[in-house]
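K.L.:
I have a structure I would like to understand better, so I am pasting it below and will then ask my questions one at a time.
Numbering (my numbering), first residue to last: 2 to 437.
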């Protein structure tokens, strides 16, 4: 693995802070001359991406897009959709062969239709060799059956967001790093009318991430490394009981939350602990400075294994095989992850995005504010979507169908007892994993 230090990573003025338009354009022109993926004559691209939570991230991304177009002559039209709408729209495009050339989406969605994804191993090899290699979770999301079908652009660390004063009032100096201590904290906060809350609805990012952590932290998994279904276990029953106890400390309404619900509740002052990216803090710094000063972030508690079992949000980008401009797609992917673009983009995201390539671990965003530090670890502490199993089309289908979060919601709300909730999840898994 190549060794990188802060100076080498930030070499070139364009990478320091938000690159000036002139500096970025100059780099882009030089890059386009040497780029190995020469865009097709008359190429134009349509890109569908998730709707931004940090305006400065979106602005930096669009500067990158504009510089790419000026340097290569390839127009790039960007449209945005909510987290929950990306996967359905991407699936429709894959099935019909019509729509955007590229989709920048969530988790393992490219694995839902791997044969429809342009192979991008050459881009992955180029970036990996140049920037210190891919973190293991990034490679897990980029590959299906040994082939690169997507490029992991970033991760989003979803960690514990909490009000400092509320945690101290509950009798704790910090968020406990063990499961029992964490539950004790949430109960104490509930008694003080400073409640917690985690999404139990179909929140693609927040809901899936914490539900899988809750399952995996109890050494419970949907399937094993060979995709044998193992959800019906005593460990799963313990996870259900733990989450139900947590649910009793929640603010009302979490069963219908989407990915923006906890942001709104926290910023309104009604919610005092939740799981989220750094977007709550970033917004609070401009709109609710009182909350920003009184909040911080912590990693998820660790279960009996003694190892992190987090499930952080991955953001892979794919190009469809039907695109008329495969070289232009590959050029864009490679360009976006070059240091002169990526370092400035990371900083503009204010810690919302976390690196998939080892070289970017030294970006100054992680030390610019002590409250950002925990998010630096997102890409290295996370497991991939399969838990014990490799990412596959079936693993992606389980995630898209909200199998795990629905199991917890059914038990917590009393719609089903523990055995029934587990059995329903088991049947859903059997339908998916045993299908041809």
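Ideal Cβ positions, reconstructed from N, Cα and C, are used throughout, including at glycine.
Which full runs of the alpha helix (DSSP H) of 4+ residues lie inside the stretch 100-168, going along the chain?
P.N.:
Listed in chain order, the complete alpha helix (DSSP H) runs (minimum 4 residues) inside the stretch 100-168 are 122-131, 137-143.
K.L.:
By the three-class DSSP mapping on this structure, what secondary structure does residue 251 have?
P.N.:
Looking at residue 251 - three-state DSSP - the assignment turns out to be strand.
K.L.:
From the DSSP output, in three-state form, read off residue 353 for me.
P.N.:
Coil.
K.L.:
For residue 291, which three-state DSSP category applies?
P.N.:
Looking at residue 291 - three-state DSSP - the assignment turns out to be helix.
K.L.:
What residue does the alpha helix (DSSP H) around residue 434 start on, and which one ends it?
P.N.:
Per DSSP, residue 434 belongs to the alpha helix (DSSP H) from 419-434.
K.L.:
Between which two residues does the beta strand (DSSP E) harbouring residue 48 extend?
P.N.:
Per DSSP, residue 48 belongs to the beta strand (DSSP E) from 46-51.
K.L.:
Beta-carbon separation of residue 389 and residue 104 under 9 Å?
P.N.:
No, the Cβ-Cβ distance between residue 389 and residue 104 is not below 9 Å.
K.L.:
So residue 359 and residue 366 are supposed to be a Cβ contact under 8 Å. How far apart are they, rounded?
P.N.:
Incorrect: roughly 16 Å between the Cβ atoms, too far for contact.
K.L.:
Tell me which same chain residues have a C-beta within less than 8 Å of the C-beta of residue 405, skipping the five on either side of it?
P.N.:
Cβ neighbours of residue 405 beyond the five flanking positions: 209, 212, 213, 216, 223, 399, 426.
K.L.:
Out of curiosity, what's the CA-to-CA distance linking residue 408 and residue 423?
P.N.:
Their Cα atoms are separated by approximately 6 Å.
K.L.:
Which value, in whole angstroms, describes the spacing of the CA atoms of residue 73 and residue 149?
P.N.:
For residue 73 and residue 149, the distance between alpha carbons rounds to 25 Å.
K.L.:
For the putative contact between residue 180 and residue 302, defined by C-beta atoms under 8 Å, what is the C-beta separation to the nearest angstrom?
P.N.:
Confirmed, about 5 Å.
K.L.:
Using only the alpha-carbon positions, how far apart do residue 276 and residue 412 sit?
P.N.:
Roughly 20 Å separates the two Cα atoms.
K.L.:
For residue 59, which residues in the same chain have their Cβ closer than 7 Å to its Cβ, ignoring the five residues on either side in sequence?
P.N.:
Closer than 7 Å at the Cβ level, and outside the excluded window around residue 59, lie 53.
K.L.:
For residue 66, collect the residues of the same chain with a Cβ closer than 7 Å to its Cβ; drop the 5 residues on either side in sequence, then sort them by chain order.
P.N.:
Result list for residue 66: 77, 79, in chain order.
K.L.:
Taking the CB atoms as reference points, tell me whether residue 160 and residue 298 lie closer together than 9 Å.
P.N.:
Yes, these two residues count as a Cβ contact at 9 Å.
K.L.:
Run the CB neighbour count on residue 136, radius 10 Å, all protein chains shown included, and call it buried at 16 or more, exposed below.
P.N.:
The residue in question, residue 136, is buried, as its Cβ has 16 or more Cβ neighbours within 10 Å.
K.L.:
When you compare only the Cα positions, how much space is there between residue 28 and residue 341?
P.N.:
For residue 28 and residue 341, the distance between alpha carbons rounds to 8 Å.
K.L.:
Determine the direct distance from the alpha carbon of residue 243 to that of residue 144, and round the result to whole angstroms.
P.N.:
One C-alpha to the other measures close to 34 Å.
K.L.:
If I'm right that residue 102 touches residue 335 with Cβ under 8 Å, what's the distance once you round it to whole angstroms?
P.N.:
No, residue 102 and residue 335 are not in contact; Cβ-Cβ is about 15 Å, not under 8 Å.
K.L.:
Between the Cα of residue 119 and the Cα atoms of 34, 332, 88, which residue gives the shortest distance?
P.N.:
With distances taken between Cα atoms, residue 119 lies closest to 332.
K.L.:
For a quick check, are the C-beta atoms of residue 75 and residue 46 less than 9 Å apart?
P.N.:
A contact, by the Cβ cut-off of 9 Å.
K.L.:
Give the range of the alpha helix (DSSP H) segment to which residue 96 is assigned.
P.N.:
First-last of the alpha helix (DSSP H) with residue 96: 84-97.
K.L.:
Considering only the beta carbon of each residue, do residue 344 and residue 39 sit closer than 9 Å?
P.N.:
No; because the gap between Cβ atoms is not below 9 Å, this pair is not in contact.
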